[in-house]
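Undergrad: If you scroll down you'll find the structure; I have some questions about it.
In UniProt numbering, the protein residues as written are 1 to 328.
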């Protein structure tokens with residue numbers, strides 16, 4: 001008996017495709033030119049992504065992860081940085097955590113959050129709405145000038161402001177010029193005003209960063225939301241609180257994280273301007289770490305304090321992330 005030829009337009013019979021794991025064969029039609037993956041393995045795109053990440057991961061491991069692990073190891077020894085160290089276990093942590101100077105320095109660092117974080121974020125939101133707007137092209141020069149502190153080394157920033165705060169510096173000269181000569185003083189040598197003076201330097205440094213982040217966020221807000229708000233009779237202030245502020249939730253979280261880390265880990269500006277003085281009025285954990293390691297020769301205790309500071313920063317950042325995380 002002869003078989004009847006298939007009609008030219010009749011689809012080919014389905015052929016079972018063997019399962020890669022030896023299980024039940026599949027009856028999907030075999031399409032010409034289609035490549036079936038019959039073995040286990042990751043998609044090529046994922047492997048390519050890992051190859052792209054490998055150099056950055058290697059650099060991070062070499063310059064961040066391994067030094068951090070080494071710091072944790074050194075924190076368990078009593079070592080002066082020169083002679084062989086002796087095992088101390090958790091004694092360095094016990095000494096650091098019971099030191100009143102540490103508690104005072106942590107309070108100073110937490111207080112800097114107001115200058116390094118809250119104040120720049122508030123001013124950055126205001127300036128992003130006024131200077132940038134939704135078009136982002138109103139005052140580009142002002143935006144560039146405000147961002148300049150981010151590209152200047154913090155040591156240079158500290159030196160510049162130390163000169164400006166001096167008795168004959170720019171700050172006192174301006175005060176005398178406007179008739180406020182009676183309030184002039186050596187700002188960085190005053191026990192009452194040194195902390196505020198250093199904190200305002202942090203505000204100046206972080207303001208430009210917050211401005212750029214918020215202005216970039218404003219550009220992604222749908223303009224139809226602003227149009228709808230205006231149709232409802234919303235003015236600029238209500239439009240800012242009803243549309244702009246909710247639309248910048250993610251950007252505020254990013255700015256808050258970066259600025260809080262800068263406040264808690266501050267060292268450069270504080271050390272260059274006041275070195276933690278007068279007295280201990282501007283001492284922060286970073287300055288204490290420097291003193292322990294390079295002045296007192298207590299490298300192990302300095303490493304223990306660095307580990308404690310890193311743990312504190314991690315906890316604060318996790319809390320910020322939990323608060324600012326968008327609810328899906």
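Ideal Cβ positions, reconstructed from N, Cα and C, are used throughout, including at glycine.
1. Would you kindly report the start and end of the unbroken alpha helix (DSSP H) that includes residue 103?
2. Return the CA-CA distance between residue 185 and residue 51, expressed in angstroms with no decimal places.
3. My understanding is that residue 77 touches residue 68, with C-beta atoms under 8 Å, so please give their C-beta distance in whole angstroms.
4. Determine, using beta carbons only, whether residue 273 and residue 188 come nearer to each other than 8 Å.
5. Three or more beta-carbon pairs under 8 Å between the segment 235 to 247 and the segment 151 to 169, yes or no?
6. Give me the residue from 80, 108, 58, 65 with the minimum Cα distance to residue 298.
7. Can you tell me whether DSSP reads residue 186 as helix, strand or coil?
8. Return the chain-ordered ranges of every alpha helix (DSSP H) run that is complete within the segment 205 to 240 and spans a minimum of 4 residues.
9. For residue 251, which residues from the same chain have a beta carbon less than 8 Å from its beta carbon, with the 5 sequence-adjacent residues on both sides left out?
10. Beta-carbon separation of residue 264 and residue 305 under 8 Å?
11. Take residue 127 as the anchor and find which of 324, 207, 322, 201 has the nearest alpha-carbon.
12. Is residue 87 helix, strand or coil by DSSP?
13. Taking only three categories from DSSP, how would you classify residue 267?
14. Could you check whether residue 90 and residue 146 sit closer than 8 Å to each other, using their CB atoms as the reference points?
15. What does the Cβ neighbour count give for residue 294, buried or exposed, with the cut at 16 atoms within 10 Å?
TA: Taking the geometry as given:
1. In the DSSP annotation of this structure, the continuous segment of the alpha helix (DSSP H) that includes residue 103 starts and ends at 100 to 113.
2. When rounded, the distance between both Cα atoms is 58 Å.
3. Rounded to the nearest angstrom, the Cβ distance from residue 77 to residue 68 is 16 Å, too far for a contact under 8 Å.
4. Cβ atoms of residue 273 and residue 188: closer than 8 Å.
5. They do not touch, by the three-pair rule.
6. Selected option, being the one with the closest Cα: 80.
7. DSSP places residue 186 in coil when its eight states are reduced to three.
8. If you keep only unbroken alpha helix (DSSP H) runs of at least 4 residues inside the segment 205 to 240, you get 223 to 231, 236 to 239.
9. If we look at residue 251 and ignore the five residues flanking it on each side, its Cβ neighbours are 213, 214, 216, 217.
10. Taking C-beta atoms as the reference points, residue 264 and residue 305 fail to come closer than 8 Å.
11. Out of 324, 207, 322, 201, 207 has the C-alpha closest to the C-alpha of residue 127.
12. Three-state result, residue 87: strand.
13. Residue state, collapsed to three classes: coil.
14. No, these two residues do not count as a Cβ contact at 8 Å.
15. Classification for residue 294: exposed.
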